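For reference, the structure discussed in these notes is given below.
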Amino acid sequence: MASYRNGSITKRWIEDGFNGRDMAAFDRYFSANLVDQALPPGVPAGLEGRKMLAGAFFAAFPDIHLHAEDIIEEGERVAMRWMAHGTHQGEFMGIPATGKQVRITGIAIDRFENGQVVEHWEQFDQLSMMQQLGVIPGQS
160 MASYRNGSIT
170 KRWIEDGFNG
180 RDMAAFDRYF
190 SANLVDQALP
200 PGVPAGLEGR
210 KMLAGAFFAA
220 FPDIHLHAED
230 IIEEGERVAM
240 RWMAHGTHQG
250 EFMGIPATGK
260 QVRITGIAID
270 RFENGQVVEH
280 WEQFDQLSMM
290 QQLGVIPGQS
C-alpha cells in the first residue's frame, strides 16, 4: 500500500511556502542541491533561483494563491496540476502593474530524495497569463 508521503510534502510546501510566503519553507522542502529545470534565463540555478522566482511572483501578485487540483504520486516522483489566481499589483517580467486579475494554470513534476525535492520540472500557461494582463491580444 502506498504511503503518499511525498504528495503530502507537496501539499505542505504549497500551504507553508507558497501560500504562506514562508521563504524558510523552501529550505525545508527543497534540497540545497536542487536541480530546477524550470527556471527562466537570467535566474540563478537551483534553490536560490527557485526562491528568487517565487519572490518575484509574490511582489508582482501579492495576493496570489496556489491550489493543487491534482496530485499523482509514483515512487520518488510527484506530479501536480495546479491553478493560481492573483492580482497584478507590481512589476513582473518588465510589465508594470495592471491591477488585473489573472488565473494561471500549470503542471509540475518533482523528484524526491529523503523527503525533499531534488529535481523540479514545471510548465505553466504563460500565453494566457500575458493575454489576461493585456500585454498581447487574446483570442478573437
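All residue numbers for the sequence shown refer to this note's numbering, where the first residue is 160 and numbers rise by one. Glycine residues also receive a C-beta, built at the ideal position from the N, C-alpha and C atoms. Since this is a predicted model, take the numbers as computed values, not measurements.
Cut-off 6 angstroms between Cβ atoms - residues of its own chain near residue i, not counting five sequence neighbours on either side
i, result
"residue 177", "225"
"residue 190", "275 and 277"
"residue 165", "232, 237 and 271"
Burial state of residue i, where buried means 16 or more other Cβ atoms lie within 10 Å
i, result
"residue 219", "buried"
"residue 279", "buried"
"residue 209", "buried"
"residue 269", "buried"
"residue 239", "buried"
"residue 222", "exposed"
"residue 267", "buried"
"residue 229", "exposed"
Alpha carbon of residue i to alpha carbon of residue j, nearest angstrom
i, j, result
"residue 174", "residue 295", "32 angstroms"
"residue 202", "residue 261", "23 angstroms"
"residue 179", "residue 170", "12 angstroms"
"residue 287", "residue 242", "12 angstroms"
"residue 283", "residue 186", "23 angstroms"
"residue 289", "residue 235", "34 angstroms"
"residue 206", "residue 227", "21 angstroms"
"residue 285", "residue 168", "26 angstroms"
"residue 254", "residue 192", "31 angstroms"
"residue 172", "residue 188", "6 angstroms"
Any non-hydrogen atom of the ligand SAH within 8 angstroms of residue i CB
i, result
"residue 252", "The ligand SAH is absent from the structure shown, which contains no ligand whatsoever."
Close-in-space but distant-in-sequence residues of the same chain around residue i (CB under 8 angstroms, 5 per side omitted)
i, result
"residue 214", "182"
"residue 258", "246, 247 and 248"
Residues that DSSP places opposite residue i in a beta bridge
i, result
"residue 275", "272"
"residue 242", "226 and 264"
Neighbourhood of residue i by C-beta distance below 7 angstroms, restricted to the same chain and skipping five residues each side
i, result
"residue 216", "223"
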